[in-house]
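Per the working numbering, the very first residue in the sequence shown carries number 1; after that it's consecutive.
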Amino acid sequence: MSSTAIAPAAPTGTHRAASDSSPANELIVALSAVPVDHPDRPRLRERVIEAWLPLANHLASRYSGRGEPSGDLAQTAALGLIKAVDRFDASRGVDFAGFAIPTILGEIKRHFRDRTWNIRVPRRLQELRLRISEANGTLTQTLNRAPTVADVASYLGVTEEEVLEGLEGARAYNAVSLSTPVGDGASVTELGDTLGAEDNEFELADLRVSLGPALATLDEREQKILALRFYGNLTQSEIAEQVGVSQMHVSRLLTRALGKLRGQLAAV
């Protein structure tokens, strides 16, 4: 985009070509010549920003319809313009529009990269998603059909694998709430209820298979005490009454039985 494509407003609000003699250019050159600590600089800086604000608004409008409010895009573009004004050095002989445009566009792209992704993905994939989106729009009009992965890859000069990677990464742009209703009628449920979860019971499957033979190595009284304690949830005192021994003896029997089981299971 050339510096003459957008006509920045002069301080009076009129639109003129962004030539070296335009009021907007004269203002930015004048600002560069004013010392940082000069009392007139803040007001002159405001006039420069106002004069070039139409440029920022135009660049922001190019990114409308991508899921971000127009007001947010305009504010982001204005921030980029302010950065360009503060960093511009007229002594380098660079046209301000040519300096400001990439600065503003960079700020807008950074906004999309940092603020609009629900899940952070590498910057490379974020930028690739934008390129793929632009390519899809262009190719749809050119081909009069939805472009294929091969079409997009050829247009962007990348491999089909990279396009697929970019499309996969684009899925992180928007997230769906786990509370989203799924189904219809009486069978409506929430999305979160349809997702699988880790089942800790699988970790215990091998242990349960090995437990049977290990329990068979215990004598009848040890098996009964373990059953009353861990399946019947009885206290040692209650077990002692049923078995007919002291509570201390029940404690020793439990310790011995559990020791045997650990030994059997460790050997499996």
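Yeah, the Cβ is synthetic: ideal placement off N, Cα and C, and Gly gets one too.
In the DSSP assignment, find the unbroken alpha helix (DSSP H) run with G259 in it and report its ends. 247-266
Name the residue from L258, D89, A84 whose alpha carbon lies nearest to the alpha carbon of I272. Outside the displayed range of the chain (1 to 268) lies residue 272, so it cannot be described from this structure.
Residue nearest to S70 in terms of C-alpha spacing, selected from I108, L81, T103: I108
Could you spell out the range, first to last residue, of the alpha helix (DSSP H) harbouring R43? 41-61
State the start and end residues of the unbroken alpha helix (DSSP H) segment that holds G80. 70-87
Can you check DSSP and say which residues form a bridge with L190? Checking the sequence, you will find Glu at residue 190 rather than Leu. E190 pairs with P181.
Please classify P23: does DSSP put it in a helix, a strand, or coil? helix
For I82, which residues in the same chain have their Cβ closer than 8 angstroms to its Cβ, ignoring the five residues on either side in sequence? I49
What's the gap between the Cα of A90 and the Cα of A60? 25 angstroms
CA nearest to the CA of E127, picked from F96, E162, S154: E162
Residue interval of the alpha helix (DSSP H) (run including Y155): 149-156
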